[in-house]
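*Asks:* Can you keep this structure in mind? I'll have questions shortly.
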Amino acid sequence: MFPKHEKYTLGQKIENTILETLELVLSANYASIYKKAILRKANNKIDLLKYLVRIAHETNSIKIKGYLSLEEVIINIGRMIGGWQRSVK
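When we follow UniProt numbering, the leftmost residue of the sequence shown carries the number 1, and every step to the right adds one.
Quick look at the structure:
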């Protein structure tokens with residue numbers, strides 16, 4: 001998806017952020033005490049991911065079609081995490 005010169009910089013940062021977000025979501029699923037704090041961190045990672053993907057698009061590292069699909073998925077995941085945050089008391 002990324003050109004070779006971007007693959008190990010911006011592409012790697014995006015991949016790491018996705019994995020960290022997944023790790024936080026899985027942790028929140030099993031947490032009972034700190035669930036709200038973990039979900040807040042996951043939401044922050046989603047915001048970071050939005051910026052990183054936008055930078056990748058603006059630097060022409062990804063094409064518009066890839067950018068639009070990624071952006072849609074990221075927004076939907078953010079909505080799910082936001083809904084989960086609101087449901088936690």
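In this text, a Cβ means the ideal position worked out from N, Cα and C, and glycines have one as well.
Where does the unbroken alpha helix (DSSP H) through Val25 begin, and where does it stop?
*Replies:* Sequence index remark: in the sequence shown, residue 25 carries index 25 (1-based). Note, Val25: alpha helix (DSSP H), Leu10 to Tyr30.
*Asks:* Distance, Cα to Cα, Glu15 vs Ile75?
*Replies:* Position 15 of the sequence shown holds residue 15. Position 75 of the sequence shown holds residue 75. Approximately 17 Å, taken between the alpha carbons.
*Asks:* Does the distance from the CB of Leu49 to the CB of Ile18 come in under 9 Å?
*Replies:* In the sequence shown, counting from the first residue as 1, residue 49 sits at position 49. In the sequence shown, counting from the first residue as 1, residue 18 sits at position 18. Yes.
*Asks:* Report, in whole angstroms, the separation of the C-beta atoms of Val53 and Tyr67, which I expect to be a contact under 8 Å.
*Replies:* Counted from its first residue, the sequence shown places residue 53 at position 53. Counted from its first residue, the sequence shown places residue 67 at position 67. Rounded, the Cβ-Cβ distance is 7 Å, consistent with contact.
*Asks:* Which residues mark the beginning and the end of the alpha helix (DSSP H) in which Asn43 is found?
*Replies:* For this step, residue 43 is matched to residue 43 along the sequence shown. It spans Lys35 to Glu58 - the alpha helix (DSSP H) in which Asn43 sits, taken as one unbroken run.
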